[in-house]
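I have placed the structure first, in the form of C-alpha coordinates, so that the comments after it can refer back to it.
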Amino acid sequence: LVVRLLDPKRLERSVEELGLSGRTLAQIEQWLENVTGMFLCAGPTGSGKTTTNYALLHELKFADRAIVSIEDPVEYQIDGITQIRIDELHHVDFAEAVKSVLRLDPDFLMLGEIRDAASAHSAVNAAISGRVLLSTVHSRDAVGAITALRNWGLPDHEIAEALVVVVAQRLVRKLCPHCRRKVKPSASDLKWLSAMNLSTRATLWDATGCNECQNLGYRGRTGVFELWRLDETDYHLLLDHADEHALRQSFAAKSQNTLLSDAFGKVLDGTTSLAEIRKLSGLSVATKQAGSRGNHFAPRKRAQLLRSAASLKR
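Going letter by letter, the sequence shown gives residues 537 to 850 in this note's numbering.
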(Lines of atoms letter the chains of each structure in order from A; the text may use other names.)
(Lines give C-alpha, C1' and ligand atoms only; values in the text may rest on other atoms or scores of the structure.)
Protein backbone atom coordinates (compact mmCIF):
# COMPACT_ATOMS: atom_id res chain seq x y z
CA LEU A 537 0.00 0.00 0.00
CA VAL A 538 1.35 3.40 -1.04
CA VAL A 539 -0.14 6.63 0.29
CA ARG A 540 0.59 9.92 -1.45
CA LEU A 541 0.01 13.07 0.60
CA LEU A 542 -0.89 16.14 -1.44
CA ASP A 543 -0.37 19.67 -0.16
CA PRO A 544 -3.20 22.04 -1.17
CA LYS A 545 -0.82 24.98 -0.63
CA ARG A 546 0.85 24.02 -3.93
CA LEU A 547 -2.15 25.62 -5.64
CA GLU A 548 -1.45 28.93 -3.93
CA ARG A 549 2.10 29.28 -5.27
CA SER A 550 2.66 32.00 -7.79
CA VAL A 551 5.28 31.88 -10.51
CA GLU A 552 7.42 34.18 -8.36
CA GLU A 553 7.47 31.59 -5.54
CA LEU A 554 8.84 28.67 -7.57
CA GLY A 555 12.49 29.62 -7.09
CA LEU A 556 13.14 31.00 -10.58
CA SER A 557 16.19 33.20 -11.13
CA GLY A 558 15.63 36.78 -12.22
CA ARG A 559 16.27 36.21 -15.93
CA THR A 560 14.30 32.96 -16.11
CA LEU A 561 11.36 34.56 -14.30
CA ALA A 562 11.48 37.52 -16.70
CA GLN A 563 11.36 35.19 -19.71
CA ILE A 564 8.35 33.33 -18.33
CA GLU A 565 6.58 36.60 -17.56
CA GLN A 566 7.34 37.71 -21.13
CA TRP A 567 5.66 34.54 -22.43
CA LEU A 568 2.66 35.09 -20.13
CA GLU A 569 2.21 38.57 -21.58
CA ASN A 570 1.92 37.12 -25.09
CA VAL A 571 1.02 33.45 -24.64
CA THR A 572 1.40 31.31 -27.73
CA GLY A 573 2.28 27.77 -28.78
CA MET A 574 3.35 24.90 -26.56
CA PHE A 575 5.03 25.35 -23.16
CA LEU A 576 6.67 22.17 -21.83
CA CYS A 577 7.95 21.41 -18.33
CA ALA A 578 10.64 18.72 -18.48
CA GLY A 579 12.21 16.58 -15.79
CA PRO A 580 12.00 13.26 -13.97
CA THR A 581 9.11 12.15 -11.76
CA GLY A 582 8.86 14.25 -8.61
CA SER A 583 10.74 17.26 -9.97
CA GLY A 584 7.89 19.75 -9.52
CA LYS A 585 6.66 19.90 -13.12
CA THR A 586 2.97 19.81 -12.19
CA THR A 587 3.45 22.53 -9.56
CA THR A 588 5.00 24.78 -12.22
CA ASN A 589 2.09 24.15 -14.58
CA TYR A 590 -0.42 24.94 -11.82
CA ALA A 591 1.41 28.20 -11.12
CA LEU A 592 1.17 29.11 -14.80
CA LEU A 593 -2.53 28.23 -14.88
CA HIS A 594 -3.04 30.45 -11.84
CA GLU A 595 -1.59 33.37 -13.82
CA LEU A 596 -3.66 32.55 -16.91
CA LYS A 597 -6.92 32.41 -14.93
CA PHE A 598 -6.87 36.19 -14.69
CA ALA A 599 -6.93 36.52 -18.48
CA ASP A 600 -10.69 35.77 -18.52
CA ARG A 601 -10.24 32.91 -20.99
CA ALA A 602 -11.56 29.35 -21.20
CA ILE A 603 -9.07 26.94 -19.59
CA VAL A 604 -9.35 23.14 -19.69
CA SER A 605 -7.00 20.62 -18.09
CA ILE A 606 -6.76 16.90 -18.88
CA GLU A 607 -5.16 14.99 -16.01
CA ASP A 608 -4.54 11.44 -14.78
CA PRO A 609 -5.62 11.77 -12.06
CA VAL A 610 -6.98 15.21 -11.18
CA GLU A 611 -4.86 15.89 -8.09
CA TYR A 612 -6.31 19.26 -7.09
CA GLN A 613 -9.61 21.01 -7.74
CA ILE A 614 -8.93 24.43 -9.26
CA ASP A 615 -11.61 27.11 -9.33
CA GLY A 616 -12.20 28.65 -12.74
CA ILE A 617 -10.76 25.72 -14.70
CA THR A 618 -12.62 22.84 -16.34
CA GLN A 619 -10.78 19.67 -15.31
CA ILE A 620 -11.21 16.35 -17.10
CA ARG A 621 -10.02 13.05 -15.65
CA ILE A 622 -8.55 10.34 -17.87
CA ASP A 623 -10.42 7.03 -17.66
CA GLU A 624 -8.58 4.44 -19.72
CA LEU A 625 -10.82 1.64 -18.40
CA HIS A 626 -13.60 3.27 -20.41
CA HIS A 627 -11.31 4.05 -23.36
CA VAL A 628 -10.87 7.72 -22.51
CA ASP A 629 -7.13 8.27 -22.91
CA PHE A 630 -5.21 11.52 -23.37
CA ALA A 631 -5.53 11.45 -27.16
CA GLU A 632 -9.30 10.91 -27.11
CA ALA A 633 -9.76 13.50 -24.38
CA VAL A 634 -7.83 16.11 -26.40
CA LYS A 635 -10.04 15.46 -29.45
CA SER A 636 -13.17 15.96 -27.35
CA VAL A 637 -11.85 19.04 -25.56
CA LEU A 638 -10.88 20.80 -28.80
CA ARG A 639 -14.57 20.79 -29.75
CA LEU A 640 -15.14 23.03 -26.71
CA ASP A 641 -12.81 25.59 -28.29
CA PRO A 642 -10.70 26.33 -25.17
CA ASP A 643 -8.21 29.17 -25.17
CA PHE A 644 -5.73 27.33 -22.94
CA LEU A 645 -5.26 23.59 -22.58
CA MET A 646 -3.16 21.76 -20.00
CA LEU A 647 -2.28 18.15 -20.74
CA GLY A 648 -1.10 16.50 -17.52
CA GLU A 649 1.66 14.49 -19.16
CA ILE A 650 2.91 13.60 -22.63
CA ARG A 651 3.57 9.92 -22.07
CA ASP A 652 3.28 8.20 -25.45
CA ALA A 653 3.10 8.78 -29.20
CA ALA A 654 -0.66 9.36 -29.21
CA SER A 655 -0.58 12.05 -26.52
CA ALA A 656 2.50 13.66 -28.13
CA HIS A 657 0.79 13.97 -31.52
CA SER A 658 -2.41 15.25 -29.88
CA ALA A 659 -0.51 17.90 -27.92
CA VAL A 660 1.42 19.18 -30.93
CA ASN A 661 -1.68 19.19 -33.14
CA ALA A 662 -3.56 21.20 -30.52
CA ALA A 663 -0.77 23.78 -30.38
CA ILE A 664 -0.55 23.96 -34.17
CA SER A 665 -4.32 24.54 -34.35
CA GLY A 666 -3.90 27.75 -32.37
CA ARG A 667 -4.43 26.65 -28.77
CA VAL A 668 -1.99 27.52 -26.05
CA LEU A 669 -0.92 24.20 -24.58
CA LEU A 670 0.92 23.43 -21.35
CA SER A 671 2.21 19.96 -20.60
CA THR A 672 5.02 17.92 -19.05
CA VAL A 673 7.51 15.46 -20.48
CA HIS A 674 10.15 13.18 -19.00
CA SER A 675 13.63 14.24 -20.11
CA ARG A 676 16.91 15.05 -18.41
CA ASP A 677 16.99 18.69 -19.58
CA ALA A 678 15.34 21.21 -21.88
CA VAL A 679 16.99 20.06 -25.11
CA GLY A 680 16.18 16.45 -24.23
CA ALA A 681 12.48 17.30 -24.62
CA ILE A 682 13.06 17.58 -28.39
CA THR A 683 14.56 14.08 -28.43
CA ALA A 684 11.56 12.75 -26.50
CA LEU A 685 9.14 14.25 -29.05
CA ARG A 686 11.21 12.87 -31.93
CA ASN A 687 11.25 9.42 -30.35
CA TRP A 688 7.45 9.46 -30.42
CA GLY A 689 7.54 9.97 -34.18
CA LEU A 690 6.87 13.70 -34.41
CA PRO A 691 8.46 15.33 -37.48
CA ASP A 692 10.82 18.24 -36.89
CA HIS A 693 8.71 20.75 -38.82
CA GLU A 694 5.71 20.08 -36.55
CA ILE A 695 7.85 20.41 -33.41
CA ALA A 696 9.20 23.72 -34.75
CA GLU A 697 5.71 24.99 -35.48
CA ALA A 698 4.32 24.09 -32.05
CA LEU A 699 7.07 24.40 -29.45
CA VAL A 700 7.89 27.82 -27.96
CA VAL A 701 9.30 27.29 -24.44
CA VAL A 702 10.79 24.36 -22.51
CA VAL A 703 11.53 24.62 -18.79
CA ALA A 704 13.59 21.80 -17.28
CA GLN A 705 13.65 21.49 -13.53
CA ARG A 706 14.69 19.58 -10.41
CA LEU A 707 13.92 20.00 -6.72
CA VAL A 708 16.53 20.53 -4.00
CA ARG A 709 16.21 20.96 -0.26
CA LYS A 710 16.64 24.47 1.13
CA LEU A 711 19.18 25.10 3.85
CA CYS A 712 17.71 26.03 7.22
CA PRO A 713 18.32 29.79 7.53
CA HIS A 714 18.70 29.46 11.31
CA CYS A 715 21.69 27.13 11.33
CA ARG A 716 23.34 27.11 7.91
CA ARG A 717 27.05 27.87 8.04
CA LYS A 718 29.98 28.37 5.72
CA VAL A 719 32.59 25.61 5.55
CA LYS A 720 35.64 24.87 3.47
CA PRO A 721 34.82 22.56 0.54
CA SER A 722 36.22 19.06 0.86
CA ALA A 723 38.75 17.57 -1.54
CA SER A 724 35.90 15.62 -3.13
CA ASP A 725 33.89 18.83 -3.56
CA LEU A 726 36.83 20.62 -5.17
CA LYS A 727 37.37 17.72 -7.56
CA TRP A 728 33.69 17.76 -8.55
CA LEU A 729 33.68 21.53 -9.07
CA SER A 730 36.72 21.22 -11.32
CA ALA A 731 35.16 18.37 -13.31
CA MET A 732 32.02 20.48 -13.86
CA ASN A 733 34.05 23.57 -14.90
CA LEU A 734 32.74 25.55 -11.93
CA SER A 735 34.81 28.10 -10.07
CA THR A 736 36.00 27.13 -6.61
CA ARG A 737 35.33 29.14 -3.47
CA ALA A 738 37.20 29.33 -0.17
CA THR A 739 33.96 28.59 1.69
CA LEU A 740 30.49 27.36 0.74
CA TRP A 741 27.21 27.21 2.62
CA ASP A 742 26.41 23.86 4.24
CA ALA A 743 23.83 22.23 6.53
CA THR A 744 24.25 21.99 10.29
CA GLY A 745 21.02 21.17 12.14
CA CYS A 746 19.05 22.86 14.93
CA ASN A 747 15.70 22.73 16.73
CA GLU A 748 14.08 24.87 14.01
CA CYS A 749 14.73 22.20 11.36
CA GLN A 750 14.54 19.13 13.62
CA ASN A 751 18.32 18.80 13.28
CA LEU A 752 18.05 18.08 9.55
CA GLY A 753 19.84 21.21 8.40
CA TYR A 754 17.17 21.76 5.74
CA ARG A 755 13.66 23.27 5.65
CA GLY A 756 11.46 23.01 2.58
CA ARG A 757 12.39 22.65 -1.08
CA THR A 758 12.89 24.91 -4.05
CA GLY A 759 13.25 24.45 -7.77
CA VAL A 760 16.36 24.42 -9.94
CA PHE A 761 15.55 25.49 -13.50
CA GLU A 762 16.77 26.03 -17.01
CA LEU A 763 14.63 27.74 -19.63
CA TRP A 764 14.92 27.34 -23.38
CA ARG A 765 13.01 29.95 -25.36
CA LEU A 766 13.41 28.72 -28.92
CA ASP A 767 14.66 31.37 -31.34
CA GLU A 768 15.34 31.71 -35.04
CA THR A 769 18.59 29.74 -34.85
CA ASP A 770 16.88 26.87 -33.03
CA TYR A 771 14.04 26.67 -35.54
CA HIS A 772 16.52 26.60 -38.43
CA LEU A 773 18.42 23.79 -36.69
CA LEU A 774 15.22 21.83 -36.17
CA LEU A 775 14.14 22.22 -39.78
CA ASP A 776 17.63 21.09 -40.84
CA HIS A 777 17.17 18.00 -38.61
CA ALA A 778 20.10 18.88 -36.35
CA ASP A 779 20.86 16.20 -33.79
CA GLU A 780 20.64 16.63 -30.02
CA HIS A 781 24.33 17.50 -29.73
CA ALA A 782 24.01 20.42 -32.18
CA LEU A 783 20.88 21.70 -30.42
CA ARG A 784 22.64 21.45 -27.07
CA GLN A 785 25.61 23.45 -28.40
CA SER A 786 23.27 26.14 -29.69
CA PHE A 787 21.52 26.32 -26.32
CA ALA A 788 24.79 26.57 -24.38
CA ALA A 789 26.15 29.30 -26.69
CA LYS A 790 23.37 31.77 -25.92
CA SER A 791 24.13 32.51 -22.26
CA GLN A 792 20.90 30.92 -21.14
CA ASN A 793 20.74 29.61 -17.60
CA THR A 794 21.33 25.87 -17.35
CA LEU A 795 20.32 23.50 -14.58
CA LEU A 796 23.92 23.44 -13.41
CA SER A 797 24.43 27.22 -13.37
CA ASP A 798 21.11 27.79 -11.60
CA ALA A 799 21.87 25.09 -9.03
CA PHE A 800 25.36 26.44 -8.34
CA GLY A 801 23.97 29.95 -8.03
CA LYS A 802 21.66 28.69 -5.29
CA VAL A 803 24.68 27.17 -3.53
CA LEU A 804 26.57 30.47 -3.65
CA ASP A 805 23.67 32.48 -2.23
CA GLY A 806 23.04 29.98 0.56
CA THR A 807 19.71 28.64 -0.68
CA THR A 808 20.99 25.05 -0.82
CA SER A 809 24.20 23.10 -0.34
CA LEU A 810 26.74 21.63 -2.73
CA ALA A 811 25.85 18.19 -1.38
CA GLU A 812 22.29 18.69 -2.64
CA ILE A 813 23.20 19.63 -6.20
CA ARG A 814 25.73 16.80 -6.43
CA LYS A 815 22.78 14.43 -6.03
CA LEU A 816 21.06 15.81 -9.13
CA SER A 817 21.14 13.72 -12.29
CA GLY A 818 21.45 15.01 -15.83
CA LEU A 819 23.63 18.05 -15.14
CA SER A 820 25.73 18.97 -18.17
CA VAL A 821 29.27 20.25 -17.67
CA ALA A 822 29.43 24.05 -17.72
CA THR A 823 30.80 25.64 -20.88
CA LYS A 824 32.16 29.06 -21.71
CA GLN A 825 29.12 30.92 -22.89
CA ALA A 826 28.97 33.41 -25.72
CA GLY A 827 27.46 36.82 -25.29
CA SER A 828 24.80 36.47 -28.00
CA ARG A 829 21.30 36.05 -26.70
CA GLY A 830 19.83 34.95 -30.02
CA ASN A 831 16.89 36.53 -31.81
CA HIS A 832 13.40 35.45 -30.82
CA PHE A 833 11.07 34.86 -33.72
CA ALA A 834 8.48 37.42 -34.56
CA PRO A 835 5.34 35.35 -35.37
CA ARG A 836 5.30 36.49 -39.00
CA LYS A 837 8.96 35.64 -39.61
CA ARG A 838 8.56 32.25 -37.96
CA ALA A 839 5.51 31.49 -40.11
CA GLN A 840 7.44 32.44 -43.26
CA LEU A 841 10.25 30.05 -42.36
CA LEU A 842 7.82 27.20 -41.69
CA ARG A 843 6.00 27.82 -44.99
CA SER A 844 9.35 27.74 -46.79
CA ALA A 845 10.18 24.43 -45.14
CA ALA A 846 6.80 23.01 -46.14
CA SER A 847 7.30 24.05 -49.78
CA LEU A 848 10.71 22.36 -49.84
CA LYS A 849 9.12 19.13 -48.58
CA ARG A 850 6.72 19.23 -51.51
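No residue lacks a Cβ here, since even glycine has one placed at the ideal position from N, Cα and C. Note that the structure is a prediction, hence the values are computed from the model and not measured.
Considering Cα atoms alone, identify which of the options is closest to residue i.
{"i": "residue 819", "options": "808, 809, 798 and 605", "result": "798"}
{"i": "residue 579", "options": "785, 607 and 680", "result": "680"}
{"i": "residue 796", "options": "622, 652 and 705", "result": "705"}
{"i": "residue 790", "options": "766, 807 and 803", "result": "766"}
{"i": "residue 699", "options": "584, 731 and 682", "result": "682"}
{"i": "residue 656", "options": "711, 576 and 710", "result": "576"}
{"i": "residue 800", "options": "732, 783, 753 and 745", "result": "732"}
{"i": "residue 758", "options": "539, 669 and 551", "result": "551"}
{"i": "residue 722", "options": "662, 730 and 667", "result": "730"}
Using the three-state DSSP reduction, which class does residue i fall into: helix, strand or coil?
{"i": "residue 724", "result": "helix"}
{"i": "residue 803", "result": "helix"}
{"i": "residue 749", "result": "helix"}
{"i": "residue 671", "result": "strand"}
{"i": "residue 558", "result": "helix"}
{"i": "residue 551", "result": "helix"}
{"i": "residue 680", "result": "helix"}
{"i": "residue 742", "result": "strand"}
{"i": "residue 663", "result": "helix"}
{"i": "residue 537", "result": "coil"}
{"i": "residue 758", "result": "strand"}
{"i": "residue 737", "result": "coil"}
{"i": "residue 765", "result": "strand"}
At which residues does the alpha helix (DSSP H) containing residue i begin and terminate?
{"i": "residue 785", "result": "780-788"}
{"i": "residue 812", "result": "810-814"}
{"i": "residue 772", "result": "768-775"}
Could you tell me the boundaries of the beta strand (DSSP E) in which residue i lies?
{"i": "residue 705", "result": "699-711"}
{"i": "residue 573", "result": "Unbroken run through residue 573: none, as it is neither H nor E."}
{"i": "residue 647", "result": "644-647"}
{"i": "residue 719", "result": "717-719"}
I think residue i touches residue j, with their Cβ atoms under 8 Å apart; what is that distance to the nearest whole Å?
{"i": "residue 617", "j": "residue 605", "result": "6 Å"}
{"i": "residue 622", "j": "residue 660", "result": "With a Cβ gap of about 18 Å, residue 622 and residue 660 do not count as contacting."}
{"i": "residue 643", "j": "residue 601", "result": "4 Å"}
{"i": "residue 563", "j": "residue 763", "result": "5 Å"}
Practice problem: Please go through the segment 581-638 and give each complete alpha helix (DSSP H) segment of 4 or more residues, from N-terminal end onward. | Solution: The segment 581-638 contains these whole alpha helix (DSSP H) runs: 585-596 and 630-638.
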